[in-house]
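**Student:**
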Amino acid sequence: MKAALATASVDVSDLFVSAGNTELIAGVSFSVAAGESVAIVGESGSGKSLTLKSIAGILPAGVRITSGSAGVGGRAALIPQEPLSALDPLMPVGKQITEICRYVAGLDRKRASARTRELLEQVGLGYLQARTAAYPHQLSGGERQRALIAMALASNPDVLLCDEPTTALDVTVAAQVLGLIERLQRDLGLTILFVSHDIAVVSHVCSRILVMRAGVVVEDAPTGQLVDHPAHPYTKQLLSAVLEVPELGPRHEEGTTL
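Counting in the UniProt record's numbering, the sequence shown runs from 1 upward without gaps.
1) Ends of the alpha helix (DSSP H) at V227?
2) Output yes or no for whether 9 Å exceeds the beta carbon distance between I25 and V211.
3) Select from S9, E36, S18 and S13 the residue whose C-alpha is nearest the C-alpha of P222.
4) Assuming T191 contacts A77 (C-beta within less than 8 Å), just tell me the rounded distance between them.
5) So A174 is in the alpha helix (DSSP H); what residue range does that whole segment cover?
6) Can you tell me whether P136 is buried or exposed, with buried defined as 16 or more other CB within 10 angstroms of its CB?
7) Using the three-state DSSP reduction, which class does S49 fall into: helix, strand or coil?
8) Pick helix, strand or coil for G68, following the three-state DSSP scheme.
9) Do three or more CB pairs link the segment 137–156 to the segment 13–25 at distances below 8 Å?
10) Run through DSSP, which three-state label would G126 get?
11) Residue 277 bridges to which residues according to DSSP?
12) Pull up the distance between the alpha-carbon of G42 and that of L84, whole angstroms please.
13) On the DSSP letters alone, give me the boundaries of the alpha helix (DSSP H) that V161 sits inside.
14) Could you tell me the boundaries of the alpha helix (DSSP H) in which I192 lies?
15) Could you spell out where the alpha helix (DSSP H) holding A168 opens and where it closes?
16) Comparing C-alpha positions only, which one of G47, L153, L184 and K110 sits nearest to R213?
17) Measure the C-alpha to C-alpha separation of E182 and I55 and round it to an integer number of angstroms.
18) In whole angstroms, give me the CA-to-CA distance for A204 and L178.
19) Under the three-state reduction of DSSP, which class applies to A134: helix, strand or coil?
20) Over what stretch of residues does the beta strand (DSSP E) that includes I209 continue unbroken?
21) The beta strand (DSSP E) that contains S37, what's its start and end?
22) In whole angstroms, give me the CA-to-CA distance for T116 and R186.
23) Just grab the DSSP bridge partners of L78 for me.
24) Here's the rule: buried if 16 or more other CB atoms are within 10 angstroms of the residue's CB, otherwise exposed. What is T66?
25) Compare the C-alpha of P89 against each of A133, L125, S13 and F194 and name the closest.
26) Which one of V63, G71 and P60 has the shortest CA to CA distance from S13?
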């Protein structure tokens, strides 16, 4: 896998994952080039989130890679699905970002505080700087998700692993967060691997889509081709079930009334 990762930010090779005697992922292979944005879509139980967790090295207890490999070239950061579960409820959001700047990025206290302010601006939360003592429960869902994105960026990642980060948000706020991720990918040259059950959501952000069902990849194609000319019956099913999200644009990318 080291040779593959020399030219790819993410490499998954013949990956098999099991829980006990139950096979959950069966022979999944794909790579994501540096700077590319790729999505994995599928219904619950398709194996998409387990694939992401295999790459991140955070498989649940009792679940293991039985053969093959999954890895990241460079530094990766995860944006999880549920901000309230991921954020420490007893620590102000600004301090949580600063902690990552200090203990992961290795900045001293003064530089970490400055970097926190910069990150809040970058994700559209600059107005929170007067409220750095705000706790997670005092923020809206969209603000919490933006804070998680700031925390992910605090580690200076090469790769962002996005585990359904808009699922818990209403459609308008989801569109704003998607616009933010798209802008950050473009401005910072990040590699994006985005997991979702909704093709309509990822089609706004990702240039390529993999479709998973029952632990295998059934289709892998450029976004436009897959949406306009799906080849697999399951992909056609997913497309027939999606709800369109609002068109992305500057007002979605920069909006902060969440």
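The beta-carbon is built from N, C-alpha and C at its ideal position, and this holds for glycine as well. No experiment lies behind these values; they were computed from the predicted model shown.
**Tutor:** On the basis of the data shown:
1) On the sequence shown, position 227 is the one that residue 227 refers to. For V227, the uninterrupted alpha helix (DSSP H) segment begins and ends at T223 to D228.
2) Working through the sequence shown from its first residue, we reach residue 25 at position 25. Working through the sequence shown from its first residue, we reach residue 211 at position 211. Not in contact: I25 and V211 (Cβ atoms no closer than 9 Å).
3) Taking the sequence shown and counting its residues from 1, the one referred to as residue 222 is at position 222. Relative to the Cα of P222, the nearest Cα in the group S9, E36, S18 and S13 belongs to E36.
4) Counted from its first residue, the sequence shown places residue 191 at position 191. Counted from its first residue, the sequence shown places residue 77 at position 77. Contact doesn't hold; Cβ gap of about 11 Å is too wide.
5) Numbered from its first residue, the sequence shown carries residue 174 at position 174. Start and end: V171 to L188.
6) Along the sequence shown, one-based indexing puts residue 136 at 136. Looking at its Cβ environment, which holds 16 or more other Cβ atoms inside 10 Å, P136 is buried.
7) The residue you call residue 49 lines up with position 49 of the sequence shown. Helix.
8) Here residue 68 is taken as the residue at index 68 of the sequence shown, counted from 1. Looking at G68 - three-state DSSP - the assignment turns out to be strand.
9) Flag = no, the segment 137–156 and the segment 13–25 do not touch.
10) Counting from 1 along the sequence shown, the entry for residue 126 is found at position 126. Of the three classes helix, strand and coil, the one that applies to G126 here is helix, per DSSP.
11) Any question about residue 277 goes unanswered here, given that the chain covers just 1 to 258.
12) Numbered from 1 along the sequence shown, position 42 holds the residue referred to as residue 42. Numbered from 1 along the sequence shown, position 84 holds the residue referred to as residue 84. Spanning the two alpha carbons is a distance of roughly 24 Å.
13) Sequence index remark: in the sequence shown, residue 161 carries index 161 (1-based). In the sequence as displayed, the identity of residue 161 is Leu instead of Val. No alpha helix (DSSP H) contains L161, which is instead part of the beta strand (DSSP E) from V159 to D163.
14) Residue mapping note: residue 192 aligns to position 192 of the sequence shown, counting from 1. Run containing I192: none in the alpha helix (DSSP H); it sits in the beta strand (DSSP E), T191 to S196.
15) In the sequence shown, counting from the first residue as 1, residue 168 sits at position 168. That residue, A168, is in no alpha helix (DSSP H); it is neither H nor E in DSSP.
16) Residue mapping note: residue 213 aligns to position 213 of the sequence shown, counting from 1. Nearest C-alpha to R213: G47.
17) In the sequence shown, counting from the first residue as 1, residue 182 sits at position 182. In the sequence shown, counting from the first residue as 1, residue 55 sits at position 55. Whole-angstrom Cα-Cα distance: 21 Å.
18) For the purposes of this step, residue 204 is identified with residue 204 of the sequence shown, where counting begins at 1. For the purposes of this step, residue 178 is identified with residue 178 of the sequence shown, where counting begins at 1. The residue asked about is misnamed: residue 204 is His in this sequence, not Ala. Looking at the two C-alpha atoms, the distance is approximately 8 Å.
19) On the sequence shown, residue 134 is found 134 positions in, with the first residue counted as 1. In the three-state reduction of the DSSP assignment, A134 falls in the coil class, being assigned neither a helical nor a strand state.
20) Along the sequence shown, read from residue 1 onward, the residue named residue 209 stands at position 209. Residues R208 to R213.
21) Stepping through the sequence shown from its first residue, residue 37 is reached at position 37. Residues S37 to V41.
22) Stepping through the sequence shown from its first residue, residue 116 is reached at position 116. Stepping through the sequence shown from its first residue, residue 186 is reached at position 186. R186 has its alpha-carbon roughly 21 Å from the corresponding atom of T116.
23) One-based indexing of the sequence shown puts residue 78 at position 78. Bridge partners of L78: L161.
24) As a first step, residue 66 is located in the sequence shown; it is residue number 66 there, counting from the start. Exposed is the call here.
25) As a working mapping, residue 89 is identified with position 89 in the sequence shown. Minimum Cα distance to P89 is reached at A133.
26) As a first step, residue 13 is located in the sequence shown; it is residue number 13 there, counting from the start. Measuring C-alpha to C-alpha distances from S13 to each of V63, G71 and P60 identifies G71 as the nearest.
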